[in-house]
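So the protein sequences, as listed, match chains A and B.
When we follow the numbering used here, the leftmost residue of the first sequence carries the number 129, and every step to the right adds one.
When we follow the numbering used here, the leftmost residue of the second sequence carries the number 199, and every step to the right adds one.
Notes for the one structure printed next.
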Amino acid sequence: MSRVTNLQPNSHRPRGRLPLAVMLRHRAPSLCLLFAWIALGALCAVAAEKAEGEAKPARLQAINVGRPVRLEVHPLAITLDSPQRRAQVVVTGVYADGSVQDLTRAATLKLSDARVASVAGGWLAPLREGKTDLLVKVGGREAKISVVVANLGAAETVSFKYGALAALSKQGCNSGGCHGAPSGKGGFALSLAAFDPEVDKVALVREHFNRRVDVLEPAASLLLRKPLVEVAHRGGLRLRTNDTAYALLAGWIGQGCRFDREDAPHCTGIAVHPPTGRVLKWPAHTQQLQVLAKFSDGTTRDITRLAVYVSSDEALASITPEGLTIGTGARGQVAVSVRYLEHVEACYLTLVKDVPGFRWAAPAERNYVDRLVNAKLRQLQFLPAETCSDAEFIRRAHLDVIGILPSPEETRKFLADPAPDKRAKLVDTLLERPEYARFWALKWGDLLRLNAQQVTAAGVNKYHRWLVRAFAENQPYDSFVRELLTAQGSTFEQPAANFYRTTATTTDTLETTAQIFLGARLQCAKCHNHPYERWTQDNYYGMGAIFERVRRKPTARAGEQLIYTARHGEITQPRTGKEMKPWAPGAGELPGAEDTDRREVFAQWLTRPENPFFARVEANRIWSHLMGQGIVEPVDDFRDSNPPSNVELLEALAQDFAAHQFDRKHLLRTILNSATYQASSRAEHFNEDDTRNFSHARQRLLTAEQLLDAVCHVTGMPERFGNLPAGTLATQLPAPEPGNAFLGVFGQPQRISACACERPSAPQLAQALQLFNGPLIHGKLQAKDNRLRRALTEGQPDADIITELYLAALCRPPKAGELATALKHVTGPANHERALEDIAWALLNLNEFLFQH
Amino acid sequence: MRGVETAGIFIRSAGRQEGVFSCAPAFLIKLLPFLLSVTLPVSGADKKFVSFRADIAPILIAQCQACHGEKSAKGNYRLDTYEALMVGKGAGRNVIAGKPAASKFHQLLLTKDADDRMPQKADPLLPAQIELVKRWIEQGAKFDGADPKLTLAELVPPREHAPAPKVYAAAVPITALAFSPDGKELAASGFRELTVWDAASGQLLRRIGNVAARTYALAWSTDGKRLAAGSGIPGELGEARLFEADTGKLLKVLGAHGDVVQDVKFSPDGQLLATASADGTIALYDASTGARRRVIANHADAVTAIAFSPDGKRLASASLDKSAKVFDLSSGVPVSTYIGHEAAVYGVVFGEAKQVFTAGRDRKVHVWNPDDGKKASDIKGFGHEVFKLVATGEALFSCSADGAVRQHTLPDRKEQRIYSSGKEWLYSLSVHEATKRVAAGGFDGQVWVWSTADGAAARRFVASPGLTTASN
């Protein structure tokens, strides 16, 4: 998928062969705009790969039943003990090779006494009281389960929350785009995903003079007639009279719109069948789910047609309102998130398929990274790419570890080195370079929002030095985070305390902490329970209680703040008015947080090696930095409904990281030395469809800072930044450089939020203009003492100058054809200096230069 | 072309039809009507007259207007008047008199293509209904009403509403209450009916049926002989019905709003009757003939309450659009708009000497000048939203969702007395000065009657025939 689209119009040319003639012909200002458009198209094509995932219409494939060795029917027995109960049956075929497949659609289901219940699509409804068997027949096998129907005399009371509100959620009435919007729709506002039943009680029953429900004639209720479009409804058709939701809503209204008693059983959780992790092999890419809600009185209820389903990737699979997952035919891992009010479970399904002609072959595995990546690739039948060239490796490793390109000298030496372990040696060398610490301080500067507006110019330098020191000393990640989160004192003397200055309020602190260290975007839960996740509003303010006592006070010194914690101060949940206890995800209420600095307790809990979130989030961030994409993507959005593309890999990386005392260099070294990292970026037939499993390297535009440094490096013309010392690189800036148009255009973030999304990846026309005709590149190309003019002055021959430019920009010498074309251009009638400039300009506009590959 | 533009939804099938016709020579097209009329069978049984007003309009209201009405004109096409139904020119005409097979309106009821068939995403019309449409077109697609521009709802003969239940299965909220002019009787909203109670004893005196499902306002004529009810079916119909108070005989059905009537008032001289509807309009009728005098469509959301000025020259209105307005009745033009509530407004009354009182969701009563809409003061102290207001010479009464009726003295606006129901939402309110009674109706179906002389509770009853206990 991620094939670099060539900048030049003829995009069929293999990458690497310089179409100099084409490029040079177009270095006329009048043509630049046209060219810029073409280039934008090329950049967009790369970006479009990310946005790919258009939902294809789900088509049901016929099930190839084969010869199962036995059938498994779930559940093992069914009791329908009120007229409203229903049950979903899931039939699974188990085969000789241990594989399984969902046969619910293919099986013949029959009740031995058809008067007792009806069955269609595995969905049972009671007809009359009695006992019978459900006979299941498919693939020459048979199974049966018992069915009991009882208590049909009395209708069950429909619960307000678990019936009516769940029904409104199922139909999407209270979704964010409809009546769940903050001000509702058409004057009718419900709480988002029913998180606040008290609001819904008033809206449904009392508001507008009891207009919406009619207890004496439920079917005449506006609440039902609108979504049925019996009367005008802006939201269109949202309900049918044969929907489960209709029966529940009409039943609840007819029973007098009663609210649940305080002591009524409450839902304690939901259970999804099949258990998460099932592997489905094409064409059997469908899976019927069955969902049970468990209640505090020990009862369960089948809510398969009341649960709300969301697929994590519609390009892989969609899911019907009845709980049937339907794969599109693509391969990969998909999570179906199953939601019932505030209860959420995810069911992961791995969709595999036999690819014609596929035969496994892979470069030798170097460590566990390769083993786990290859296991997933082999399962999904993608071939790992061949190993990248030395030239590609030295360029890639430099950009990833220290942010800059190697010098032509370094490249020549590395390419010429015959040592078999030269790549590992290079990795070791790079990790010890001073640029390593500065480049990673840039990355963390984004996350920690180092900018002069927030912490003053003096403060930003101190904070930056603290960060550089942490990376230079290779401070273990847990200790780094503890130091940051528990920092106090003067922001000048304890630069880490600036963390509480950039996050100036309790809510900002807790949201930033959750996003950076737990990979959780908690912002939604500030105002309401997260609509798709388990985060509740209580959780949000529980985390807030950890930071509520942090105080920020200006001191007598200009620009300095004092950060300290008060002994008192509680946070209340705005909706319930309840005072919240310090709470952490997975840990619940933090014990012992009463008497001491709550941040200490939290930081201790957070950085424990066994904390499931802590190591995973950082391991994923490091992985994403090196591979161009996280195992969880986006890297700060860990949630059940956004599964890792390779669970085992992420787990192994996290464990390795924790086991090595959170040594970031250890993790970097492990990944950099893997065959997976060193895979070529050239896709081929057996892996071009893979976007998430790391079969081949992901090509990506250099970041703004990398690109500026690279341009300076190729032209030999360094950039000066404000009053920072000469020699400071863009990849080493303590804070965003205001007024640098080039950096701005290529997406240098202003560091307003902790979100990784602040660094935009969408290409812009302005970028192409900068590259073609921008003042920065133009100026450096024309400078009197740039790389090529210095070489001319020294009297170097053209071929050497051109070779040097190639090594500087692309980390490889020109190929014979490329050199010939270039030489022909510089020996032409044009001004010689100007012609060499053209060569440099053309190199700077090549995808091979602009992209990491 | 106009036909295609307005009836956008027909474009696709229109294209197909034109395709056929465009192949035929011009003279054949001219002959076509003749040819068709010859080939169409005319059956004797079809001669029974089909009325647009009585037979066709009710089908359109029930089956088409949810999508092709004033509020939601799918495909930019409305079917809410005879004129709208008859759009189009030439072969593209929606209805071609005498030729059902050539009329798109008829074709779209029959087509097998689910993407084209009307009504969409719903069951097709019943065969008998389609047959009626066919016969009506065969008979010339004639209009048998007063004005082809009238909305269908206004055109159809008044509905005969289903009877009220003999015994209520559950109490229904009391959304309207009104003391008779002599103070002896108290009329209340019921389910598909009005109930009339003895104000002193709380005994049910009589039930008046043939009323729409819900009633939101009641008004007696000054002579006590007529009782007006503002009622409707939420989202579908709003109307005022005028009854002979003693006998319950239906005298007039006024108007057909697209949503429930939320308030109804007689003018001070008794000549006019005004209705306010959840469809956002206000209508004025001649109280004796029932002729409609004026429609004021000025609010952006439901009009919840209206009040005549003491001199009868102006009308004030309250609306869910968060505004209250004063209109000049001779022109129908707004004189002033008050937006100080910044929330839904539910109650409005004129005070003496250039004052309007409005009450709303902001839990306040605002006092403002009807001439310029400028706020003079407000009354606070309510525990929840405030619904209805009644002004007598010396006092302002209000009922609130906080369970209380409050009496404020005028003009100083001091809280004089609180009549408490406990904590039930009080939706409706009526005051009778001579007999010193104030009554309020609650969400739970109960009616409270208090004495304004001493504030004591005089009566409390469930105003749902056959029930003695309140709901919930």
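Using N, Cα and C, we set each Cβ at its ideal position, and we do this for glycine too.
Check whether the stretch 420-435 of chain A touches the stretch 404-411 of chain A, taking contact to mean three or more Cβ pairs, one atom from each stretch, closer than 8 Å. no
Thinking R233/A and T453/A are a contact (beta carbons under 8 Å), I'd like their distance in whole angstroms, please. That belief does not hold up - the Cβ atoms of R233/A and T453/A are roughly 12 Å apart, past 8 Å.
Residues of its chain near G510/B, where Cβ-Cβ distance is below 6 Å and the 5 sequence neighbours each way are ignored: S465, P466 and D467
How would you list, in chain order, the residues of chain B whose beta-carbon sits under 8 Å from the beta-carbon of A360/A? Q263, A264, C265, G267, K269, S270 and G433
What does P363/B reach in chain A if we use C-beta pairs closer than 7 Å? L344
Determine the contact status of L479/A and G451/A, defining contact as a CB-CB distance below 9 Å. no
Run the CB neighbour count on C655/A, radius 10 Å, all protein chains shown included, and call it buried at 16 or more, exposed below. exposed
So the beta strand (DSSP E) W623/B belongs to, where does it begin and stop? Looking at the DSSP string, W623/B is not in any beta strand (DSSP E), and its letter there is neither H nor E.
Cβ of A668/B within 9 Å of any chain A Cβ: no
Select from the stretch 355-382 of chain B all residues with a C-beta closer than 8 Å to any C-beta belonging to chain A, and list them in chain order. P363, Y366, A367, A368, V370, P371 and T373
Output, in chain order, the set of chain B residues within a Cβ distance shorter than 8 Å of L434/A. What L434/A touches in chain B: nothing, since even the nearest Cβ is about 22 Å away.
Cross-chain neighbours of L518/B in chain A, by beta carbon under 9 Å: G315 and H336
Span separating the alpha-carbon of A743/A from that of D574/A: 20 Å
Within chain A, the residues that A411/B reaches when beta carbons sit closer than 9 Å: D342, L344, E345 and A348
Can you tell which of L558/A, V501/A and G687/A has the C-alpha that lies nearest to the C-alpha of Q581/A? G687/A
Comparing alpha-carbon positions, which option in I674/A, R685/A and A715/A lies nearest G697/A? I674/A
Hey, does G206/B have any beta-carbon neighbour from chain A nearer than 9 Å? With a pLDDT of 29 at G206/B, under the threshold of 50, the predicted position of this residue should be treated as unreliable, though the coordinate-derived value follows. Cβ-Cβ to chain A under 9 Å: no for G206/B.
7 Å Cβ shell around V293/B - same chain, five flanking residues per side excluded: L283, M284, S301, F303, I335 and A339
Shorter than 9 Å from the beta carbon of G312/A to some beta carbon of chain B? no
Just reading off the alpha helix (DSSP H) that Y669/A is part of, what are its end residues? Q665 to F675
Exposed or buried, which one is T220/A when buried takes at least 16 other CB atoms within 10 Å? buried
Closest to A786/A by C-alpha separation, out of E961/A, D818/A, P740/A and Q383/A, would be which residue? P740/A
Chain A within 9 Å of F389/B, Cβ atoms only: yes
Hey, does Y414/B have any beta-carbon neighbour from chain A nearer than 9 Å? yes
Spatial distance of L356/A from L434/A (CA atoms): 18 Å
Give me the Cβ distance between Y468/A and C395/A, rounded to the nearest whole Å; I'm assuming they're in contact under 8 Å. 7 Å
Please work out which residues of its chain come closer than 7 Å, Cβ to Cβ, to A963/A, disregarding the five sequence neighbours upstream and downstream, and give them in chain order. H953, V954 and G956
How far does the beta strand (DSSP E) with H606/B in it reach, from first residue to last? A602 to T607
Just to confirm the assignment: which complete alpha helix (DSSP H) runs, minimum length 4, are found wholly within the stretch 307-333 of chain B? none
For Y692/A, the three-state DSSP class (helix, strand or coil): strand
List, in chain order, every chain B residue whose beta-carbon is nearer than 8 Å to that of V357/A. A264, C265, K319 and A320
9 Å Cβ cutoff, R353/A in contact with chain B: yes
Closest Cβ-Cβ distance between G384/A and chain B: below 9 Å? yes
Quick check: is any heavy atom of the ligand MN less than 8 Å from the C-beta of E946/A? Ligands displayed in this structure: none; no statement on the ligand MN is therefore possible.
Flag R339/A as yes if its beta-carbon sits less than 9 Å from any beta-carbon of chain B, otherwise no. yes
What in chain B is Cβ-close to L365/A, meaning under 7 Å? K319
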